[in-house]
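Protein chains in written order, with the working numbering: chain A, 1 to 310; chain B, 1001 to 1310.
Right, one structure below, let's go through it.
Protein chains: 2
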Amino acid sequence: MLAAQLNQGLEYVNMSLVNVLDSDVDTLADASRHIIQSGGKRIRPQVAILSYLAAGGDDVQHVADAAAALEMVHTATLVHDDINDHSMLRRGKVSVHARWGRTFALLAGDYMFAKVYQMMARYGIRCNQIMSDACVNLVEGETLQALAAKAGDMDRETYKTIIERKTASLFTAGTQIGAIVAGATDEVIEALGNYGRYLGMTFQVVDDILDIVGDPEKLGKPVGLDVTQNRGVLVADGAVPSNGAPSIAEPADPIEALMNKLRESGAVEIARLQAQELAQRAREALTIVPPSPARDELYDLVDLVLERDR
Amino acid sequence: MLAAQLNQGLEYVNMSLVNVLDSDVDTLADASRHIIQSGGKRIRPQVAILSYLAAGGDDVQHVADAAAALEMVHTATLVHDDINDHSMLRRGKVSVHARWGRTFALLAGDYMFAKVYQMMARYGIRCNQIMSDACVNLVEGETLQALAAKAGDMDRETYKTIIERKTASLFTAGTQIGAIVAGATDEVIEALGNYGRYLGMTFQVVDDILDIVGDPEKLGKPVGLDVTQNRGVLVADGAVPSNGAPSIAEPADPIEALMNKLRESGAVEIARLQAQELAQRAREALTIVPPSPARDELYDLVDLVLERDR
């Protein structure tokens, strides 16, 4: 029953994402559909749908456009990130920037962001305030990350602020909006919001760990990108010299040398402990939510996020 | 009375624009305020406030945030345009891109766009549907322009589609939202929307004319930019060879030679006739709106837009 509802919800989300990106300007439809259909994990929509069900909602169609909008915000930022990072690959496929060029990648990101706004409009004032706050937080988090990378001075406090804003904000918005659309009480909305916040932070720390120890084949992208650009938890843990480069003479490939040093430094293990602590807080937030199969699934999702390898 | 209301409204708009851009991420606050305070004409907010008053509104504070959001959308697109065009100057000052670099200009544009969404949230479903549709249209119009410039095949029909979407869409949204916030009837909302649409198109044709015959000092930007990049009405009128370059050998400065040729070709006069025709349609749309000092001001604004030299 729950699995069927969740699958139906995700099907609505995928339909919504493709349909809403239709445009008589082919370049925009093609470029935005290229990335939206390139197989993201859809974890943000999934969390929003489960939150809606855990909060008592019974027709996933009601939450599907909002869940899709979360994926759209996230994907729009990927398109713009790839411009700034000169990334040629995304999710194992050529990036929008590499295929359509910078001008159209910038416009495609703007287009997807405008579509988010359009998809959300019908959800009314409260949901739109939450979603727009999340978008502002997200851009602030990305900017803090770019500033820290440029200055080479990532510390643990800055890292926490960055992952809260750039990643956790959308998870928080998704769980809150799911609960609001389901007509939940303020107490449940807040609890699910806290769950989303800690799940999102866990997700990002694991992402940064996978950047070091992950399998590029499974991830569909090269590893070591974040570390060598002075981003990520391992930099915050002080395992990398602040300029992001090896401090002593190294073998031919300095990135490979840096990665090896990191893998041997114990920084990955410290980050794993952080992820486990955040995951525990996510679980604790759920105790306030009434028991249900959807709540159980949200518990299980914490483990999936912790143990994922892609 | 009307002048006082309009001035008060524009003061609210300017306060709103500066206040809403506050952020603990200094780079975002600084970059976005740099361009928002660089002296734009504020014609979009002005039109929205006058539309609100002409539709029977009596407290300009109610429409001020929406009017400010229109200026914010427009300004966000300028920041992103300047990245794509490599423009170093904007409104007579250094562009965000030139001063903060591409990465932060891209993020500042995204930030301003997220702020638009945040400012609009409280206006409810109908206003947000109109504003988000306008944002989608705007990005589509910009993309069509970039595609036509790249292909060198601007024709008159494409030009009309482009200016409707990239410029008139925000004017239309502003007049409609002003009327909706004032509680106007659907008939008046539609009439003011049509006024906004034709005023916006007039505004853009005049803008393209000023790109050829304007005074760079008064405009605060170089002239000839649009023509040499295959954009604008004069290209659509066939006065310029489709590759945007002079077709025969010319004196030392080919841009100056092209501009001279254009000024002598009669294309500017054709464009002026187009602008006058569009302006007349804007005036006609107002006949459905009940007479008032604000409606008179909207009439006068048509002439100001037609005759402007900056």
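Every residue, glycine too, gets a C-beta built ideally from N, C-alpha and C.
Identified DSSP bridge partners for residue i
| i | result |
| --- | --- |
| LYS1166 (chain B) | BP columns for LYS1166 (chain B) are empty, so no partner. |
| VAL1079 (chain B) | Answer is none; VAL1079 (chain B) lacks a bridge partner. |
| ARG1090 (chain B) | B:LYS1093 |
Candidates the options, of which the one nearest residue i by Cα
| i | options | result |
| --- | --- | --- |
| ALA1285 (chain B) | B:LEU1199, B:ALA1275 and B:GLY1224 | B:LEU1199 |
| LYS1150 (chain B) | A:PHE104, A:TYR195 and A:LEU304 | A:PHE104 |
| VAL1060 (chain B) | B:ALA1179, B:ASP1110 and B:ARG1033 | B:ALA1179 |
| LEU1078 (chain B) | B:LEU1106, B:ALA1054 and B:GLY1057 | B:LEU1106 |
| ASP1309 (chain B) | B:GLU1164, B:GLY1266, B:ASP1211 and B:GLU1264 | B:ASP1211 |
| ALA54 (chain A) | A:VAL305, A:LEU306, A:GLU307 and A:ILE288 | A:ILE288 |
| GLY56 (chain A) | A:PHE203, A:GLN274 and A:LEU192 | A:LEU192 |
| ALA1218 (chain B) | B:GLY1040, B:ALA1257, B:MET1001 and B:ALA1004 | Here the sequence assigns Lys to residue 1218 (chain B), which means Ala is not the residue at that position. Nearest C-alpha to LYS1218 (chain B): B:GLY1040. |
| PHE113 (chain A) | A:ALA76, A:THR161 and A:GLN145 | A:ALA76 |
| GLU71 (chain A) | A:SER32, A:THR185 and A:ALA282 | A:SER32 |
| ALA184 (chain A) | A:ASP30, A:GLN274 and A:ASP58 | A:ASP58 |
| ASP282 (chain A) | A:ILE36, A:ARG156, A:GLN129 and A:GLU190 | The question names Asp, yet the displayed sequence has Ala at residue 282 (chain A). Considering only alpha carbons, the answer is A:GLU190. |
| GLY1101 (chain B) | B:LEU1301, B:ARG1197, B:LEU1028 and B:MET1131 | B:LEU1028 |
| ASN7 (chain A) | A:GLU307, A:GLU297 and A:ALA267 | A:GLU297 |
| PRO330 (chain A) | A:VAL305, A:LEU273 and A:VAL188 | Here chain A has residues from 1 to 310 only, and residue 330 (chain A) is not among them. |
| TYR195 (chain A) | A:VAL302, A:ILE35 and A:GLY92 | A:VAL302 |
| LEU1017 (chain B) | B:ARG1091, B:LEU1089, B:TYR1111 and B:LEU1002 | B:TYR1111 |
| HIS1097 (chain B) | B:ALA1275, B:HIS1034 and B:PRO1216 | B:HIS1034 |
| GLY109 (chain A) | A:ALA279, A:HIS74 and A:ASP85 | A:HIS74 |
| LEU348 (chain A) | A:ALA121, A:MET201 and A:SER51 | In the structure displayed, chain A extends from 1 to 310; residue 348 (chain A) sits before or after that span and is not available. |
| GLU1307 (chain B) | B:GLY1214, B:GLY1124, B:ALA1121 and B:ILE1255 | B:GLY1214 |
| TYR159 (chain A) | A:ALA271, A:ILE36 and A:HIS80 | A:ALA271 |
| ALA267 (chain A) | A:ARG156, A:LEU144, A:MET88 and A:PRO216 | A:ARG156 |
| GLY1174 (chain B) | B:GLU1269, B:ILE1163 and B:ILE1130 | B:ILE1130 |
| MET259 (chain A) | A:GLY224, A:GLN276 and A:GLN280 | A:GLY224 |
| ASP1226 (chain B) | B:ASP1253, B:VAL1305, B:SER1087 and B:LEU1304 | B:SER1087 |
| PHE203 (chain A) | A:ASP153, A:GLU256, A:LEU278 and A:ALA134 | A:LEU278 |
| LEU1144 (chain B) | B:THR1161, B:HIS1062 and B:ALA1257 | B:THR1161 |
| HIS62 (chain A) | A:GLY124, A:ILE163 and A:PHE171 | A:GLY124 |
| MET201 (chain A) | A:GLN274, A:ASP30, A:ARG126 and A:VAL94 | A:GLN274 |
| ASP1133 (chain B) | A:ARG122, A:ARG295, A:CYS127 and A:ASP300 | A:ARG122 |
| CYS1135 (chain B) | B:LYS1261, B:ASP1186, B:THR1172 and B:SER1265 | B:THR1172 |
| GLN1280 (chain B) | B:LEU1262, B:ASP1253, B:ALA1257 and B:ARG1197 | B:ARG1197 |
| GLY1332 (chain B) | B:SER1038, B:ASP1081 and B:ARG1042 | The first residue shown for chain B is 1001 and the last is 1310, placing residue 1332 (chain B) beyond what the model contains. |
| VAL1094 (chain B) | B:CYS1127, B:ASN1128, B:ILE1036 and B:ARG1126 | B:ILE1036 |
| ASP186 (chain A) | A:ARG99, A:ARG126 and A:ASP253 | A:ARG126 |
**Message:** Using a Cβ-Cβ cutoff of 7 Å, what residues of the region 1069-1088 of chain B are near chain A? List them in chain order.
**Reply:** So the list reads HIS1080, ILE1083 and ASN1084, given in the order they occur along the chain.
**Request:** Run through the region 12-75 of chain A for me and flag every whole beta strand (DSSP E) of 3 or more residues, listed as ranges in chain order.
**Result:** Qualifying beta strand (DSSP E) stretches: none in this window.
**Request:** Answer yes if the region 9-16 of chain A comes into contact with the region 40-51 of chain A, meaning at least three C-beta pairs across the two stretches below 8 Å, and no otherwise.
**Result:** Cβ pair count under 8 Å is three or more, so yes.
**Prompt:** When Cβ atoms are compared, which residues of the region 1011-1032 of chain B fall closer than 7 Å to chain A?
**Reply:** Going along the region 1011-1032 of chain B in chain order, one finds SER1023, VAL1025, THR1027 and LEU1028 with a Cβ nearer than 7 Å to chain A.
**Request:** Please determine if the region 1110-1121 of chain B and the region 1141-1158 of chain B are in contact, where contact requires at least 3 C-beta pairs separated by less than 8 Å.
**Result:** Output reads no: the region 1141-1158 of chain B does not touch the region 1110-1121 of chain B.
**Asked** Touch check for the region 1134-1141 of chain B and the region 23-37 of chain A: three-plus C-beta pairs under 8 Å?
**Response** Touching, per the Cβ criterion.
**Item:** Residues of the region 113-131 of chain A whose Cβ lies closer than 7 Å to any Cβ of chain B, in chain order
**Value:** Taking 7 Å as the upper bound on Cβ-Cβ separation, chain B lies near residues PHE113, ALA114, LYS115, TYR117, GLN118, ALA121, ARG122, GLY124, ILE125, ASN128 and GLN129 of the region 113-131 of chain A.
**Prompt:** Touch check for the region 1065-1085 of chain B and the region 1164-1179 of chain B: three-plus C-beta pairs under 8 Å?
**Reply:** The region 1065-1085 of chain B vs the region 1164-1179 of chain B: in contact.
**Request:** Check whether the region 1160-1175 of chain B touches the region 1203-1210 of chain B, counting contact only when three or more Cβ pairs, one atom from each stretch, lie closer than 8 Å.
**Result:** They touch, by the three-pair rule.
**Contact set between the region 143-163 of chain A and chain B, restricted to residues whose Cβ is under 7 Å from the partner** = Correct list: THR143, LEU144, ALA146 and LEU147.
**Request:** Select from the region 1165-1180 of chain B all residues with a C-beta closer than 7 Å to any C-beta belonging to chain A, and list them in chain order.
**Result:** Correct list: empty, as no residue qualifies.
**Item:** Runs of alpha helix (DSSP H) lying entirely within the region 1107-1193 of chain B, each at least 4 residues, in chain order
**Value:** Entirely contained in the region 1107-1193 of chain B, the alpha helix (DSSP H) runs reaching 4 residues are, in chain order, 1124-1151, 1156-1163 and 1169-1181.
**Prompt:** When you check each C-beta in the region 184-215 of chain A against every C-beta of chain B, which residues fall closer than 7 Å?
**Reply:** Identification of residues in the region 184-215 of chain A having a C-beta nearer than 7 Å to some C-beta of chain B yields an empty set.
**Message:** Using a Cβ-Cβ cutoff of 8 Å, what residues of the region 1278-1289 of chain B are near chain A? List them in chain order.
**Reply:** Across the region 1278-1289 of chain B, no CB contact with chain A closer than 8 Å is found for any residue.
**Message:** To be precise: take each residue of the region 1046-1068 of chain B, compare its Cβ to all Cβ atoms of chain A, and keep it if any distance is under 7 Å. Which residues remain?
**Reply:** So nothing in the stretch comes that close.
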